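Below: one structure, written as C-alpha cells.
In the numbering used here, the protein residues as written are 3 to 392.
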C-alpha cells in the first residue's frame with residue numbers, strides 16, 4: 003500500500019515526486035528505462051523552464067485562461083525560479099526566457115532525480131501502467147509487471163506528442179472521456195511555394211490571426227515554417243486558415259511608404275534590389291525572393307511601376323499565408339487535447355468524479371504558447387496536487 007503513486011516521470015511527474023513529503027510512502031512508475039525522456043529534448047536540449055514577467059501576462063497564452071489562472075497564481079514563475087535557486091540549481095535568462103545555467107535539459111532531470119533520492123521515494127522503470135481500478139477507498143494500479151494499491155494517484159503521463167519519448171495518450175483514452183489530441187507547437191506548411199527558396203533565413207516578425215498576435219522569430223526551413231512565432235501560432239490554426247505576417251514590425255506602413263518614395267526619387271538609375279538591400283533591415287536573400295516573386299528583380303528603379311512597389315509593401319507588411327498542414331502528433335513538440343479541463347478541480351487537480359486521482363501537466367486538455375508556458379503549467383499543476391496530498 004502506497005500513500006501516492008505517480009504515473010509518468012516527465013516534467014510534472016518529476017516535480018511531483020520532488021515535492022511529495024518524505025514521510026509519505028511514494029512510488030513513481032515510468033514506462034521508459036530513464037526519467038524525463040521528452041524533458042531532455044525541450045528547448046532544443048536547453049530546457050526553457052519558464053520566463054520573466056508578471057504572471058497575469060501568462061494567462062492569455064493558454065487556450066483556457068479561466069481554468070489555468072488559479073493554478074498559475076498558486077505557484078507562479080517567480081516561485082518556480084526561487085524553488086530552483088534555493089536548492090542550488092541556478093537559472094539564467096535569455097531575453098525573458100529562463101534556462102538552467104548549465105543550458106542542458108538533462109541537468110534538470112538530474113536535479114529532480116537528486117531531489118527524489120533525498121526524499122527516499124521509490125522508482126520503477128521499464129514498467130507500463132495498463133489500468134486503474136477503483137477498489138473500496140483505494141486505487142489499484144495495474145501494470146504489465148505487477149499491481150499496487152494507492153490512496154492517491156498522480157497521473158502525469160503526458161499527452162500524445164513525440165511518440166518515441168513514450169507519451170502516446172493510450173492510457174488516458176482508455177480511462178477517461180478526453181478531447182482528441184492534436185498537434186501543438188508545431189512547424190507549419192504553407193501553400194505559398196516561393197518561400198521554400200528562403201531556407202535558413204530567420205526574421206523577427208509580427209504574426210496576426212483572428213484576435214491573436216505574436217511578436218517573435220520565424221525561421222524558413224525549406225518545406226515549412228518554424229520558429230517561436232510559428233510554433234505559438236500553430237496552437238490556434240488548422241488546415242485552410244489564413245494568417246498575416248508583418249516582416250518589418252518595427253517600421254510603420256506609413257514610414258515604409260515614405261522611405262520607398264525617397265529611395266525611388268533619389269536612386270532612379272540603380273537596380274531596385276540594390277537600393278532595397280542597402281536600405282532595409284532585412285536579409286538580402288529575403289528581399290531578392292520578394293522582388294523575384296513580384297517580377298522586378300533586375301529592374302532599375304526608374305522602370306518600376308507604382309503597383310509593383312505597392313505589392314512589395316503589401317508582401318512586407320501584410321503578407322497573407324495559408325496553412326496547408328502542421329506536423330503530425332508524432333513530430334509535434336506538444337499536444338493539445340487530453341483529460342477535459344471541466345472534469346478537473348483546478349484548486350487541487352483532482353478529478354471531480356474521483357478524488358483519489360490527480361491529473362497534471364500535458365495530460366490535461368490545456369496548451370500554452372512557445373516560450374516556457376507549458377513547462378510552467380506542468381510544474382504549477384503538479385505543485386497544486388502535491389499541496390493537497392501533503
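Even for Gly, the Cβ is constructed at its ideal location relative to N, Cα and C. Remember, it's a predicted structure, so these values are computed and weren't measured experimentally.
Buried/exposed call for residue i, threshold 16 Cβ in 10 Å
i, result
"residue 135", "exposed"
"residue 94", "exposed"
"residue 386", "buried"
"residue 128", "exposed"
"residue 3", "exposed"
"residue 364", "buried"
"residue 288", "buried"
"residue 72", "exposed"
"residue 270", "exposed"
"residue 44", "buried"
"residue 267", "exposed"
"residue 228", "buried"
"residue 47", "exposed"
"residue 1", "Residue 1 lies beyond the stretch modelled for the chain, which goes from 3 to 392, so this question has no answer here."
"residue 260", "exposed"
is_contact[residue i, chain D] using C-beta, thresh 8 Å
i, result
"residue 106", "Going by chain labels, chain D is absent from the structure shown, which holds only one protein chain."
CA-to-CA distance, residue j to residue i, given in whole angstroms
i, j, result
"residue 2", "residue 29", "In this structure the chain extends from 3 to 392, so residue 2 is not present and cannot be described."
"residue 75", "residue 353", "20 Å"
"residue 1", "residue 390", "In this structure the chain extends from 3 to 392, so residue 1 is not present and cannot be described."
"residue 41", "residue 13", "6 Å"
"residue 339", "residue 304", "55 Å"
"residue 1", "residue 164", "Summary: the structure shown does not reach residue 1, with the chain confined to residues 3 through 392, and so no result is reported for it."
"residue 223", "residue 149", "47 Å"
"residue 318", "residue 334", "29 Å"
"residue 359", "residue 218", "38 Å"
"residue 247", "residue 104", "35 Å"
"residue 39", "residue 124", "19 Å"
"residue 264", "residue 205", "25 Å"
"residue 274", "residue 316", "17 Å"
"residue 355", "residue 179", "12 Å"
"residue 238", "residue 184", "11 Å"
"residue 69", "residue 82", "19 Å"
"residue 91", "residue 232", "31 Å"
"residue 252", "residue 381", "35 Å"
"residue 207", "residue 249", "5 Å"
"residue 278", "residue 106", "41 Å"
Reduced DSSP category for residue i - H, G, I as helix; E, B as strand; rest coil
i, result
"residue 256", "helix"
"residue 210", "strand"
"residue 102", "strand"
"residue 92", "coil"
"residue 244", "strand"
"residue 87", "helix"
"residue 385", "helix"
"residue 291", "helix"
"residue 346", "strand"
"residue 20", "helix"
"residue 5", "strand"
"residue 116", "helix"
"residue 355", "coil"
"residue 362", "coil"
"residue 128", "coil"
"residue 15", "helix"
"residue 137", "strand"
Own chain, CB closer than 7 Å to residue i, minus 5 neighbours either side, in chain order
i, result
"residue 373", "50, 53, 99 and 230"
"residue 226", "189, 190 and 191"
"residue 145", "31, 129, 130, 131 and 132"
"residue 203", "222, 285, 287 and 288"
"residue 361", "157, 341, 346, 351 and 353"
"residue 57", "74, 75, 78 and 79"
"residue 35", "127 and 128"
Contacts around residue i, its chain only, beta-carbon distance under 8 Å, and the 5 residues preceding and following it disregarded
i, result
"residue 66", "343, 367 and 368"
"residue 243", "211, 324 and 325"
"residue 89", "113 and 117"
"residue 201", "222, 223 and 224"
"residue 262", "311, 314 and 315"
"residue 1", "What is shown of the chain runs 3 to 392, which leaves residue 1 out entirely."
Check: residue i C-beta below 7 Å from any heavy atom of the ligand FAD
i, result
"residue 98", "In terms of ligand content, the structure shown is empty, and the ligand FAD therefore cannot be addressed."
6 Å CB neighbourhood of residue i in its chain, flanking five on each side removed
i, result
"residue 11", "30, 32 and 37"
"residue 141", "134, 152, 155 and 358"
"residue 234", "216, 371 and 372"
task: Quick one: which unbroken beta strand (DSSP E) runs of 3-plus residues sit fully inside the segment 149–221? Chain order, please.
output: Residue ranges of uninterrupted beta strand (DSSP E) with 3 or more members, entirely inside the segment 149–221 and ordered along the chain, are 149–157, 180–186, 190–192 and 204–211.
field: Secondary structure, alpha helix (DSSP H): runs of 4+ residues fully inside the segment 25–96
entry: Runs of the alpha helix (DSSP H) inside the segment 25–96: 67–76 and 79–88.
Runs of beta strand (DSSP E) wholly within the segment 292–332 (minimum 3 residues, chain order): Complete beta strand (DSSP E) runs here, min 3: 321–328.
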